[in-house]
Structures are given as structure tokens and as C-alpha cells.
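A.B. asks: Just so you know, we're using this note's numbering here: the sequence shown kicks off at 716 and counts up by one.
Think of the CB as a built atom: it goes at the ideal place given N, C-alpha and C, for glycine as much as any other residue.
Below you'll find the structure I mean.
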Amino acid sequence: MTRKYLGQEVVSQYEAIFAGFLDYMPNPDLLLSTTGETLEVYNKMLLDPHISSMLDLRKSFTKGRAWDLEPPGNDAVSTRSTELVKDVLKKTNLAHGISQLLTALEYGFAVAELVWRQEDGLWIPSLKGRAQKRFVLSLKGELMLADPYPKTLRTKYKFMVYRNQPRDENPYGTALLARCYWPWTFKRAGLRFWLTMCEKFGVPTILALFKCDSDEEAERRAQAIAAALYNIQSNAAAA
Numbered sequence: 716m717t718r719k720y721l722g723q724e725v726v727s728q729y730e731a732i733f734a735g736f737l738d739y740m741p742n743p744d745l746l747l748s749t750t751g752e753t754l755e756v757y758n759k760m761l762l763d764p765h766i767s768s769m770l771d772l773r774k775s776f777t778k779g780r781a782w783d784l785e786p787p788g789n790d791a792v793s794t795r796s797t798e799l800v801k802d803v804l805k806k807t808n809l810a811h812g813i814s815q816l817l818t819a820l821e822y823g824f825a826v827a828e829l830v831w832r833q834e835d836g837l838w839i840p841s842l843k844g845r846a847q848k849r850f851v852l853s854l855k856g857e858l859m860l861a862d863p864y865p866k867t868l869r870t871k872y873k874f875m876v877y878r879n880q881p882r883d884e885n886p887y888g889t890a891l892l893a894r895c896y897w898p899w900t901f902k903r904a905g906l907r908f909w910l911t912m913c914e915k916f917g918v919p920t921i922l923a924l925f926k927c928d929s930d931e932e933a934e935r936r937a938q939a940i941a942a943a944l945y946n947i948q949s950n951a952a953a954a
């Protein structure tokens, strides 16, 4: 092996697969690719009270951690610089920004836009959370705007990206909700089946008695009653 190859990647990140026809890397989330779902399914999962409460608890541990800023040196410049940063942070919506970035836990990655304003001679940043579905990543892991078509951001330094457990070949990060998808799906299906069973079998046994002048009329009325009883589970009839 010659020296020129020592600092190069022999097997790069998906470039050989997508470089010919795509400018971006599709999200390699195994759940999304195998089920045909989109990131919207994670929004539905957050409606589950148990899932959302566990995520809130996990995030609260992070947001509740104590932190402080210390000057890098003992000189006056270091002290003034540290105080300046503290003053800026006091004027920002830091807690809100951290909450926005922590949505990377459920989606794998989070995007926040930096919007600056001038106040008391200082430039104060505000973090504005942006929906993950509006972004994709390039083959080099750089942020790209997805709507309407993937394109490179001209103002890339205005965006902050936080990833949960990213890998070299998966810059999108790891979505924790992907691990809860099947238990959540079976939970919903089981609850739906249980409610249908209770509605269907939780009422007293129904006995229909009627008189008819002919066998044809009796058969017609029997079929109508049977259809009505069958549709009880869908609220189309009541007993």
C-alpha cells in the first residue's frame, strides 16, 4: 500500500451507491425503510401517554443538570469574555432551545435555526426549532433543505444540528422511538381488539322473534336482523 492511500477512505459513506443519481443520503432508519412509514409516525407515537412521559422524564434529567462558565485564564480579558458570554446567555431562550434540540432523542436528529437580534449593544441568538421532515443530509453529512427538492443551504451557519447516537454511515442519528414502534403497534391493535370484543360480547344475548307469512319473507327478515347484529361492533346498530 502506498502512502497516498493512508489518509483516504477506501469505503466511503454510501457515495458509490447514491453519488450517481442523488445529491443527498436517504435516512437509513431501518424502521422507516421496512414499514414504508415516514417521520410522521413518530408524531403519532408521541400521543401515547406512557411514551411521552418517559421521554419527558429522560429529557428532564438533562435539562436539570447544573452548569457554569469559567474563564479560560486568570487575566482580565478572560474574565471579561466570560462575563460577556454569561450576559448573552441570560438574554437567550436557552432552556427552550435545549428542549428543541433534545427532540433528537425521538427522531434521531434535531435542527434549530439561529435568529439573531441586537440588544444593548450585543447580538443575542434565539434558537428556533424546525421540523425534521424539512431537512435531509448530504453524502458528506451536511444539512440540506428538503422542500420542495433537496438543495444546499446557502446560510448553513445559521443552523444547529444535534444528533442522537450518530454513526459514521448514519449521520441521521438513532431514533429512540424506532425501538418502541412494534410494542406501540401491538398495544394499539390489542386495545382495538379488546374494545371490539367488549362491544360485541359484553351485551346480553339477543333473541329475535318475528312472524312471517312466507318463507321468502322470513329469510329476508332473518338476513336483515343478522346483518344488523353483525354491525353492532361498528355502531351501525344497537341492541
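(1) Of the choices Gly856, Asp783 and Thr870, whose alpha-carbon is the least far from that of proline 743?
(2) Determine, using beta carbons only, whether leucine 891 and leucine 820 come nearer to each other than 8 angstroms.
(3) Identify the continuous beta strand (DSSP E) that holds proline 840 and give its terminal residues.
(4) Residues in the same chain with beta-carbon distance under 7 angstroms from proline 865, minus the five sequence neighbours each way, listed in chain order, please.
(5) With H, G and I counted as helix, E and B as strand and the rest as coil, what does DSSP make of serine 814?
(6) Report, in whole angstroms, the separation of the C-beta atoms of arginine 845 and glutamate 828, which I expect to be a contact under 8 angstroms.
(7) With a CB to CB cut of under 8 angstroms and the five nearest residues on each side skipped, what residues in its chain are close to lysine 902?
(8) Are leucine 770 and histidine 811 closer than 8 angstroms when you measure CB to CB?
(9) Please specify which runs of the alpha helix (DSSP H), each continuous and at least 4 residues long, are wholly inside the segment 877–954, giving them in chain order.
(10) If we ignore side chains and look at the alpha-carbon of each, how far apart do serine 775 and lysine 871 end up?
(11) Grab me the residues of cysteine 927's own chain with a C-beta within less than 7 angstroms of its C-beta, minus the 5 sequence neighbours each way, in chain order.
(12) On the CB-based measure, 16 or more other CB atoms within 10 Å of its CB, does glutamine 880 come out buried or exposed?
C.D. replies: To lay it out plainly:
(1) Gly856
(2) The answer is yes: Cβ separation under 8 angstroms.
(3) 837–845
(4) Asp738, Tyr739, Val851 and Met859
(5) helix
(6) 6 angstroms
(7) Asp763
(8) no
(9) 896–916 and 930–945
(10) 29 angstroms
(11) Sequence-distant partners of cysteine 927 (beyond 5 residues in either direction) whose C-beta falls short of 7 angstroms from its own C-beta, in its chain, are Ala933 and Arg936.
(12) exposed
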